[in-house]
Amino acid sequence: MTRRRLLTSAAAALSAIGIAWTAVIPAGATVAGGGPGGEDTGNVYSAVGMLAPRPDIGKFCAGTLVSPTVFLTAGHCVAGRLSIGATTWTVSFDPRPLATDHPVTWVRGRLVLDPAYRPSQPIPAHDLGAVVFDSPVPGVTPAPLPDAGALDHKDLRGTTFTVVGYGATSVSYGAGGGTSPGAARGTWATSGFQSLTTEWLTLDQNPMRGYGGACDEDSGGAALLPDGTLAGVTSTGDPGCSSWSSYVRTDSDAARAFLASLG
């Protein structure tokens, strides 16, 4: 089965609506490769949603509902939105949020940026943000979060992660090559474990090893453990979307402190 890869480019999205932003370009770009993956036609990963400035403006970033009222995403996505004076964002949990053949629900919430976020290069520090809703999102079950430091106590070698987002699904090479337009459809791919640091979970998405992963416009999306636990939030990756992507650990002290501040 052709595997699609994911990843979000906040810079590209802002450019598309006439806003220049030079922050970190989120996770790599995706290439078709071997291994399982594709469009989430059954909305299996229903806690993962797409963020858009308005429902009529295409995709921008992804994120995951982690409590009835908290949608966790990448800090650089929220920072870009705040930089233009916006204080809210709309989210859809529909796997085809721009479809016209069925009703699509959008939920608006307020933006919150992790106070520790720093847009450093090549990887931002504390790259977390959130959309907080006034009332619980109906019909969506939040994704479970790991216990504090859980990844430190697991032997992750050989673990296959599921990466979910709404971004680019292919990459071309050579003169004039680049990523495909963002899919604006929920897609998933499988990635292998590569490394773990205090803040980062880095996954292997090399198609030569049968993997896929995050790509342009997948930032804020999910890296899920085999049991569905949200292990990381998509942040950055290699420009060709064919090697690696890094995810902010959700089990770190810093991430847990930010989540606790949201109530």
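Residue numbers (the working numbering): 1251 to 1513.
Don't be surprised by glycine CBs; every beta carbon is placed ideally from N, CA and C.
Given the structure is predicted, the values throughout are model-derived calculations rather than measurements.
C-alpha gap between alanine 1507 and leucine 1322, whole angstroms | 13 Å
If you draw a straight line from the alpha carbon of valine 1328 to that of alanine 1302, how long is it in whole angstroms?
-> 11 Å
Determine, using beta carbons only, whether valine 1362 and valine 1387 come nearer to each other than 7 Å.
-> no
If we call anything under 7 Å between Cβ atoms a contact, is serine 1496 one with glutamine 1455?
-> no
Buried or exposed by the 16-neighbour rule on C-beta atoms within 10 Å, applied to alanine 1349 = exposed
Leaving aside the five residues before and after threonine 1337 along the sequence, list all residues of the same chain whose C-beta is less than 8 Å from its C-beta, in chain order.
-> Arg1360 and Leu1361
Glycine 1471: which of Arg1499, Tyr1461 and Leu1446 sits nearest, CA to CA?
-> Arg1499
Which whole-angstrom value is the C-beta distance of alanine 1439 and glycine 1463, which I expect to be below 8 Å?
-> 6 Å
Which runs of the beta strand (DSSP E) fall wholly inside the region 1410 to 1490 and span at least 3 residues, in chain order?
-> 1410 to 1415, 1437 to 1446, 1450 to 1454, 1472 to 1474 and 1480 to 1487
Distance, alanine 1473 Cα to leucine 1460 Cα = According to the sequence provided, residue 1460 is glycine. The question's leucine does not apply to it. Cα to Cα, glycine 1460 sits roughly 17 Å from alanine 1473.
Measure the Cβ-Cβ separation of glutamate 1467 and serine 1502 and say whether it is below 7 Å.
-> no
Between Trp1339, Arg1368, Val1341 and Asp1351, which lies nearest to histidine 1326 when the distance is taken from Cα to Cα?
-> Arg1368
Would you report the Cα separation of glycine 1417 and glycine 1287, rounded to the nearest angstrom?
-> 14 Å
Taking all protein chains shown into account, decide if arginine 1407 is buried (16 or more other Cβ within 10 angstroms of its Cβ) or exposed.
-> exposed
In whole angstroms, what is the alpha-carbon distance linking valine 1445 and leucine 1453?
-> Strictly speaking, residue 1445 in this sequence is serine, with valine absent from that position. Between serine 1445 and leucine 1453, the C-alpha separation is close to 7 Å.
Please determine, among Ser1317, Arg1346 and Ser1441, the residue with the shortest C-alpha to C-alpha distance to glutamate 1289.
-> Arg1346
Tell me whether phenylalanine 1508 sits in a helix, a strand or coil according to DSSP, three-state version.
-> helix
Which residue comes first and which comes last in the beta strand (DSSP E) that contains glycine 1313?
-> 1311 to 1317
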